[in-house]
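Protein chains in written order, with the numbering used here: chain A, 1 to 114; chain W, 1 to 117.
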């Protein structure tokens, strides 16, 4: 089982719709979580951090479910410009040492159609 | 704006060649990282550095080495390129906040797509 798993998609969604996707993680000691956005042939950029209470930024809402070990990203009123790959990142502690590590998911591709 | 630049966008090399990938950041960040990104696998950390002349192995360091002689510059070296090193290479940098080294926002360069023939 991968440490961080995402549905690769693509999710094909009409403009204006609401879309949500999840990211599951295997290490229950994980401390912090992030969503990055990566446009085609571009570098990843931070979309939002996800903390224990979850957070919202405009049309985007990120939630953390520790019991089931997943984070979610909800996009409301989707725009054509939201088309991208969304990467989940989990900060996990390696039990072999004390250093925290960032584990990246492979990403979920989202396509917003007019 | 934070700017991370990488020396080449596209690179084609032959098996056995020594390859240098350069990364420069202009925001005085302590941490710098090298990743490779392959379809279906996500970003995998090759090496990172938290200070000048300091380096730590990531998940897949075999076949790679790094150099950080100046704070703003972090180089990735493929000692003898092989076809399985064909990939997108991404450099990133981040600040140290609160004594942590790894889980702050990372700023990425545009990437170098390396093809080894």
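For each residue, glycine too, the CB sits at the ideal point set by N, CA and C.
**Below-7 angstroms beta-carbon distance, residue 44 of chain A vs any chain W residue** = Nearest CB-CB separation between residue 44 of chain A and chain W: below the 7 angstroms threshold.
**Request:** Answer with buried or exposed for residue 108 of chain A, where buried requires no fewer than 16 other C-beta atoms within 10 angstroms of its C-beta.
**Result:** Of the other Cβ atoms in all chains shown, 16 or more fall within 10 Å of the Cβ of residue 108 of chain A; this residue is therefore buried.
**Request:** Output yes if chain W places a C-beta closer than 7 angstroms to the C-beta of residue 106 of chain A; else output no.
**Result:** Interface annotation, residue 106 of chain A: in contact with chain W, CB-CB separation under 7 angstroms.
**Item:** Beta-carbon separation (whole angstroms), residue 49 of chain W vs residue 66 of chain W, contact threshold 8 angstroms
**Value:** The pair is a contact, with the Cβ atoms about 7 angstroms apart (cut-off 8 angstroms).
**Item:** Cβ-based neighbour list, residue 112 of chain A, same chain, cut-off 7 angstroms, excluding 5 preceding and 5 following
**Value:** Correct list, in chain order: 13, 15, 78, 79, 80, 82, 83.
**Item:** Cβ neighbours of residue 7 of chain W in the same chain (closer than 6 angstroms, five flanking residues each side left out)
**Value:** Within its own chain, the residues whose Cβ lies closer than 6 angstroms to the Cβ of residue 7 of chain W, once the five positions on either side in sequence are excluded, are 22, listed in chain order.
**Message:** Can you tell me which residues form a DSSP beta bridge with residue 102 of chain A?
**Reply:** Note: residue 102 of chain A sits in a beta bridge opposite A:91.
**Request:** Return the first residue and the last residue of the beta strand (DSSP E) that residue 134 of chain W is part of.
**Result:** The question about residue 134 of chain W has no answer here: the residues shown for chain W are numbered 1 through 117.
**Listed by chain order, chain W residues near residue 8 of chain A by CB distance under 8 angstroms** = Those within 8 angstroms of residue 8 of chain A in chain W are 40.
**Prompt:** Relative to the alpha-carbon of residue 5 of chain W, which residue among W:108, W:79, W:76, W:96 has its alpha-carbon at the smallest distance?
**Reply:** Here the closest residue by C-alpha is W:108.
**Request:** Verify the CB distance criterion: does residue 111 of chain W have a CB-CB separation below 7 angstroms to chain A?
**Result:** Look at residue 111 of chain W: its C-beta is under 7 angstroms from a C-beta on chain A.
**Prompt:** Is any beta-carbon of chain A found at less than 7 angstroms from that of residue 43 of chain W?
**Reply:** Yes - at least one Cβ of chain A is within 7 angstroms of the one on residue 43 of chain W.
**Prompt:** Under 7 angstroms Cβ-Cβ, which residues of chain A neighbour residue 95 of chain W?
**Reply:** Close to residue 95 of chain W, with beta-carbon spacing below 7 angstroms, lies no residue of chain A; the smallest spacing is near 12 angstroms.
**Prompt:** In whole angstroms, what separates the C-alpha of residue 51 of chain A from that of residue 37 of chain W?
**Reply:** Approximately 26 angstroms between the Cα atoms of the pair.
**Prompt:** CB-CB under 7 angstroms to residue 104 of chain A, same chain, minus the five flanking residues each way: which ones, in chain order?
**Reply:** When the five nearest sequence neighbours on each side are left out, the beta carbons in the same chain lying within less than 7 angstroms of the beta carbon of residue 104 of chain A are those of 4, 87, 89, in order along the chain.
**Request:** Could you give the DSSP three-state label for residue 67 of chain W: helix, strand or coil?
**Result:** Assigned with DSSP and collapsed to three states, residue 67 of chain W falls in strand.
**Prompt:** Shortest alpha-carbon distance to residue 87 of chain W belongs to which of W:94, W:70, W:111, W:93?
**Reply:** The shortest Cα separation from residue 87 of chain W among W:94, W:70, W:111, W:93 belongs to W:111.
**Asked** Under 7 angstroms Cβ-Cβ, which residues of chain A neighbour residue 105 of chain W?
**Response** In chain order: 46.
**Message:** My assumption, with CB atoms under 8 angstroms, is that residue 18 of chain A sits in contact with residue 64 of chain A. Please give the rounded CB distance.
**Reply:** No, residue 18 of chain A and residue 64 of chain A are not in contact; Cβ-Cβ is about 19 angstroms, not under 8 angstroms.
**Prompt:** Do residue 35 of chain A and residue 62 of chain A have their C-beta atoms closer together than 7 angstroms?
**Reply:** Contact flag set, yes.
**Asked** Tell me the DSSP bridge mates of residue 109 of chain A?
**Response** By DSSP's assignment, residue 109 of chain A forms a beta bridge with A:85.
**Residue closest to residue 73 of chain W, alpha-carbon to alpha-carbon, out of W:20, W:113, W:117, W:58** = Selected option, being the one with the closest Cα: W:20.
**Request:** List the whole-angstrom C-beta distance separating residue 71 of chain W from residue 28 of chain W, where the pair is believed to meet the contact cut-off of C-beta under 8 angstroms.
**Result:** Contact holds; Cβ gap of about 7 angstroms.
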